Amino acid sequence: MNAAIDPLEISALARIMDELDYYQLLNVDPKASTTDIRKAYHASSRSFHPDANRTLNEDLRGHCGKISKRITEAYCVLRDSRRRSAYDSKRAEGNSLRIQISEAKTTHVEQRKAEARGATPQGRQFHAKADSDLRAGNLAGAIQNLQMALTFEADNVGFNALVTEWRERKKASS
Amino acid sequence: MAEIAVGIDLGTSNTCVSIMQDGEVKVLDNAFGERTSASVVHFHEDGSVEVGNSAKAKVIHAPAQTVSSAKRLIGRYHFSEEVKKAQAVYAYEIVEAPNHGVRIEIREEEFSLPEISAMVLREMKQIAERHIGDKVTKAVITVPAYFNDNQRQATKDAGRIAGLDVLRILNEPTAAALSYGFGMGLNQRVAVYDLGGGTFDISVLEIGKDIFEVLATSGDTFLGGDDLDDRIIDLLADDFVGKYKINPRNDPYAYEKLKLAAENAKKALSIDEETHVAIDEVMKSAEGETLGLERTITRSEFSQLTHDLVMRTFKVCDEALQQSDLTVRDLDGVILVGGPTRLPMIREAVAHYFQQEPRVDVDPDEVVSMGAAIHAASLVGEAPDSMLLDVTPLDLRIGVAGGLAEPVIERNTPIPIEQTRTFTTFQDHQESVQIRVYQGDHRQADDNAMLGQFEFSEFNKGLRSDVKIDVTFEINADGIVNVTASDQATGQEASTQITLSSGLAEEQIERIIEQDVAGRVATAAKAAAAAQKQIRPIMNSGDVSGTTTAKVTGVAYSPFGDGKTDLSGVDDNEIKLEDVSEAELDLIDDDELIQLTQEADMNIGADGITLDMPADQAPDDDDDGLFDTSGGDLAAGPEVQLTDEEK
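In structure tokens form, the structure reads like this:
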């Protein structure tokens, strides 16, 4: 299962790591959804997490360790919408590829919480309907209502992630 | 085939070792056939050591030489609440070491907590070696998710002292989730409710096939099954006081009897609606009269006694759910871990809180060690990889001016991670800075756990505005913290794998390993195996009346014994057991042991200082306490962190 990554690739990445922004590091598009960022974090961890590299020599393990820590940092910033937008504006100015994770204080939770229930009255309403559909075991109905909610707030990261997840679940069960 | 690496759940009350062999996870039983062993260390007169349930049985007769619940003390400062509490409760001597460290003193010998835990780990190593028929040197050891850096480091040290290469320090709930979801191809969000002997953890994880991502974790390292026992002890002790006007809490022997009775009563209440406690002799009165105790405890009574403790766990759950941005409805499963979760009242409360029945298909006493074994096997290439993506449980902070501590890495941040902050000095032309590192949720530095401190002076001195010191904080995949200070201008660096002042310095660990402190367990295990032959027939015959050893071992055999504790009388069995141990242990040269210990003490005294102090800077008497490494009160530490050392 180990993504048996090429040692040359490890050394190269370690060398140029400081010149990559978080998106490049995770190999995702700057417009990527939180779900995609998360998937990219998992994939990169599979290659570079210390647990995945015990058989490599010490030098390479050192490189992997550094890369792994940077990947975690990237994930930490990009999964949090507040941090991510702070990072995006800094990055747009072209003067920084990194940001302190404690910068743009962790409103992460509150932000996501508010967003999870919807940012518009209609969004909240349809989300609530979707939620009760789901509890009643009506997955198809839940997806439909969430899609309605998304017409009012198309870029709601939580809704998008949820609808993707539900669709996958539906596909898996059918 | 690679060497087998074991998984060890080093618990407050019980320890369990597992391996993964040919794709199967096996919990390994000890020489007595028990799948978990009490985390209790008994010291014989000759310095040899016995570990496990037979050691636990000795607590009634030799409470001062029998160390239990060491996990509650590991990685803590002597002035901490937990240590004070333990001093009140345990009969063994808890003494202060240099730099606020904790040592256990047994027969005028001092042992650090990592040494005590190492003895338990050595026993597990031997159990595994007996099963495998080969040396075992590699292990994954679990710790409560909420353990701080000091506690993790001390646990890792214990592993080294036991002769184990610790491949990974793994969080208990994460291990449990791995055991639950390994190879199942699940896509689930789960909560792991882990109520152990001394600690409570809750972790919320998202399992995506072979990826186990911890979304949030929270816990309380002051809450566990022991605390439930304490409530029963209080009930019994109050009864006793009411009856005889004598407080049994002041007599260590009587206290241990009440404690055992309480524990058994708790276990019995997992099965029965009520249990009868009968202790023929709790203690003797001043006149030599035998004072006994009898009482019936019902489930509802027990549940009332402990209601607030159970509610406390749910407050912690609220926090973890909030941090993971989920509600109980988002969870697909709840996994129970730890002996106390066998209690119906806990199960009912958990089902009510999470609005779903918890999983009961995993053994709460074994699931953590099984998960550790799976991860251990995957780390040595003997099992398919699963990615465990964990988080740090506590804010990591640096001390700044004003006695405050500023967060650098917040709790529930994924690990491994590294963050660099740039600092300047407090004043112009300052000669050195003191870097202090804390873990905890508090803005006031002293309200957090201090991980360590070090001095950095190899920077270009100058005006405040010109000085730039980079401080890098790293949390590795074990959850262990590393801090480095450097000046880009000079290229100089000072770093520390933060050695907290109460922990063991590298040289001390090396010396302990050289002395093979854990090796004292070796012969005792043989003795226990020999003694087993003597205990077994009695157990089998069912004649357990008045034989403490057999009785207590019996409890361990079947965690749900009858709960009726008859702890009266001295037993022949007990004496036999000791006899055997001593015979076996004559192999160790007493003189040599004592000599080594004296050396160790001297060295501990000399090395007990974590900072290298310039000769001209003696420990000072001023109020900043910066160089006060000789026993000053940490809590009354400096108001400023980056400050001038020039007087």
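Here the protein sequences come in this chain order: A and B.
Under numbering that gives the first Met the number 0, the first residue of the first sequence carries the number 0, and numbering increases by one thereafter.
Under numbering that gives the first Met the number 0, the first residue of the second sequence carries the number 0, and numbering increases by one thereafter.
All C-beta atoms, glycine included, are put in the ideal place defined by N, C-alpha and C.
Note that the coordinates shown come from a computational prediction; the quantities given were computed from them, not determined experimentally.
Rounding to the nearest angstrom, what Cα-Cα distance links residue i and residue j in this structure?
{"i": "Ser431 of chain B", "j": "Gln491 of chain B", "result": "13 Å"}
{"i": "Asp193 of chain B", "j": "Pro357 of chain B", "result": "12 Å"}
{"i": "Gln433 of chain B", "j": "Glu473 of chain B", "result": "18 Å"}
{"i": "Leu330 of chain B", "j": "Gly136 of chain A", "result": "15 Å"}
{"i": "Asn149 of chain B", "j": "Gly140 of chain A", "result": "51 Å"}
{"i": "Glu509 of chain B", "j": "Glu80 of chain B", "result": "30 Å"}
{"i": "Asn411 of chain B", "j": "Leu393 of chain B", "result": "7 Å"}
{"i": "Asn572 of chain B", "j": "Pro49 of chain A", "result": "Low per-residue confidence applies at Asn572 of chain B: pLDDT is 34, beneath 50, and the placement is therefore not dependable, though the value from the model is reported in the following sentence. If you take the alpha carbons of Asn572 of chain B and Pro49 of chain A, they lie about 50 Å apart."}
{"i": "Ala448 of chain B", "j": "Tyr437 of chain B", "result": "6 Å"}
{"i": "Ile132 of chain A", "j": "Leu138 of chain A", "result": "The amino acid occupying residue 132 of chain A in the given sequence is Asp; Ile does not appear at that position. Whole-angstrom Cα-Cα distance: 7 Å."}
{"i": "Leu222 of chain B", "j": "Leu308 of chain B", "result": "8 Å"}
{"i": "Thr154 of chain B", "j": "Glu513 of chain B", "result": "18 Å"}
{"i": "Glu286 of chain B", "j": "Lys242 of chain B", "result": "16 Å"}
{"i": "Ser456 of chain B", "j": "Phe422 of chain B", "result": "13 Å"}
{"i": "Gly93 of chain A", "j": "Ala42 of chain A", "result": "27 Å"}
{"i": "Ser284 of chain B", "j": "Asp250 of chain B", "result": "11 Å"}
{"i": "Val367 of chain B", "j": "Glu505 of chain B", "result": "29 Å"}
{"i": "Val5 of chain B", "j": "His60 of chain B", "result": "34 Å"}
{"i": "Ala404 of chain B", "j": "Asp440 of chain B", "result": "9 Å"}
{"i": "Gly502 of chain B", "j": "Ala253 of chain B", "result": "33 Å"}
{"i": "Arg168 of chain A", "j": "Leu292 of chain B", "result": "59 Å"}
What's the call for residue i, buried or exposed, on a 16-neighbour Cβ count within 10 Å?
{"i": "Arg159 of chain B", "result": "buried"}
{"i": "Pro6 of chain A", "result": "exposed"}
{"i": "Lys137 of chain B", "result": "buried"}
{"i": "Met310 of chain B", "result": "exposed"}
{"i": "Asp611 of chain B", "result": "Caution applies to Asp611 of chain B, whose pLDDT of 31 falls short of 50 and renders its modelled position unreliable; the value that the coordinates give is listed next. With fewer than 16 other Cβ atoms within 10 Å, it is exposed."}
{"i": "Ala400 of chain B", "result": "exposed"}
{"i": "Pro29 of chain A", "result": "exposed"}
{"i": "Leu462 of chain B", "result": "exposed"}
{"i": "Thr424 of chain B", "result": "buried"}
{"i": "His77 of chain B", "result": "buried"}
{"i": "Val359 of chain B", "result": "exposed"}
{"i": "Glu381 of chain B", "result": "buried"}
{"i": "Thr489 of chain B", "result": "exposed"}
{"i": "Val315 of chain B", "result": "buried"}
{"i": "Thr312 of chain B", "result": "buried"}
{"i": "Glu2 of chain B", "result": "exposed"}
{"i": "Gly132 of chain B", "result": "exposed"}
Let me check one thing: in DSSP terms, what residues is residue i bridge-paired to?
{"i": "Met6 of chain B", "result": "It is Gly, not Met, that sits at residue 6 of chain B in the sequence shown. B:Ser17, B:Val139."}
{"i": "Phe110 of chain B", "result": "B:Ile103"}
{"i": "Lys124 of chain B", "result": "Per DSSP, none; premise fails for Lys124 of chain B."}
{"i": "Asp200 of chain B", "result": "B:Asp193, B:Gly218"}
{"i": "Gly207 of chain B", "result": "B:Asn186, B:Ile210"}
{"i": "Arg358 of chain B", "result": "B:Ile334"}
{"i": "Ala404 of chain B", "result": "B:Gly398"}
{"i": "Asn170 of chain B", "result": "B:Val142"}
{"i": "Leu388 of chain B", "result": "B:Glu212"}
{"i": "Asp164 of chain B", "result": "B:Lys137"}
{"i": "Lys25 of chain B", "result": "B:Ile18"}
{"i": "Ser36 of chain B", "result": "B:Thr14"}
{"i": "Phe42 of chain B", "result": "B:Val48"}
{"i": "Glu92 of chain B", "result": "B:Glu104"}
For a test of your reading of the model: does the CB of residue i fall under 7 Å from any non-hydrogen atom of the ligand GTP? Yes or no.
{"i": "Pro62 of chain B", "result": "The model depicted lacks the ligand GTP and carries no ligand whatsoever."}
Tell me whether the stretch 167-174 of chain B and the stretch 63-73 of chain B touch, counting them as touching only if at least three CB pairs, one residue from each stretch, are closer than 8 Å. Verdict: no, contact absent.
Enumerated in chain order, which unbroken segments of the alpha helix (DSSP H) with a length of 4 residues or greater are wholly contained in the stretch 217-301 of chain B? Listed in chain order, they are 224-243, 251-267.
Hey, which unbroken runs of the alpha helix (DSSP H) at 4 residues or more fall wholly within the stretch 406-462 of chain B? Counting only runs that start and end inside the stretch 406-462 of chain B, there is no alpha helix (DSSP H) element of at least 4 residues.
Can at least three beta-carbon pairs, one atom from the stretch 359-373 of chain B and one from the stretch 408-423 of chain B, be found at a separation below 8 Å? No contact exists between the stretch 359-373 of chain B and the stretch 408-423 of chain B.
Counting beta carbon pairs with one atom in the stretch 85-97 of chain A and one in the stretch 8-24 of chain A, are three or more of them shorter than 8 Å? Touching, yes, given that three or more Cβ pairs across the two stretches are closer than 8 Å.
Unbroken stretches of the alpha helix (DSSP H), 4 residues or longer, contained in the stretch 7-41 of chain A: Secondary structure remark: continuous alpha helix (DSSP H) runs of at least 4 residues inside the stretch 7-41 of chain A, in chain order: 21-25.
Could you check whether the stretch 11-28 of chain B touches the stretch 209-219 of chain B, counting it as contact only if at least three pairs of C-beta atoms, one from each stretch, sit closer than 8 Å? Result no; under three Cβ-Cβ pairs closer than 8 Å.
Meets three-Cβ-pair contact criterion under 8 Å: the stretch 111-126 of chain B and the stretch 46-55 of chain B: Segments in contact, yes.
Pairs of beta-carbons, one from the stretch 83-99 of chain B and one from the stretch 154-164 of chain A, closer than 8 Å: are there three or more? Touching, no.
Between the stretch 195-213 of chain B and the stretch 314-325 of chain B, are three or more C-beta pairs nearer than 8 Å? In short, these stretches touch, since the Cβ pair count reaches three.
If contact is defined by three or more beta carbon pairs under 8 Å, each pair taking one atom from either stretch, is the stretch 63-71 of chain A in contact with the stretch 22-33 of chain B? No: fewer than three Cβ pairs fall under 8 Å.
For a minimum of 4 consecutive residues, which ranges assigned as the alpha helix (DSSP H) are wholly contained in the stretch 55-96 of chain A? Whole alpha helix (DSSP H) segments, 4+ residues: 57-77, 80-91.
Closer than 8 Å is the cut-off here; do at least three beta carbon pairs connect the stretch 473-485 of chain B with the stretch 174-183 of chain B? At 8 Å Cβ cutoff, the stretches do not touch.
Would you be able to state if there are at least three C-beta pairs under 8 Å between the stretch 98-117 of chain B and the stretch 263-283 of chain B? In short, these stretches do not touch, since the Cβ pair count stays below three.
Could you check whether the stretch 324-342 of chain B touches the stretch 185-199 of chain B, counting it as contact only if at least three pairs of C-beta atoms, one from each stretch, sit closer than 8 Å? Cβ pair count under 8 Å is three or more, so yes.
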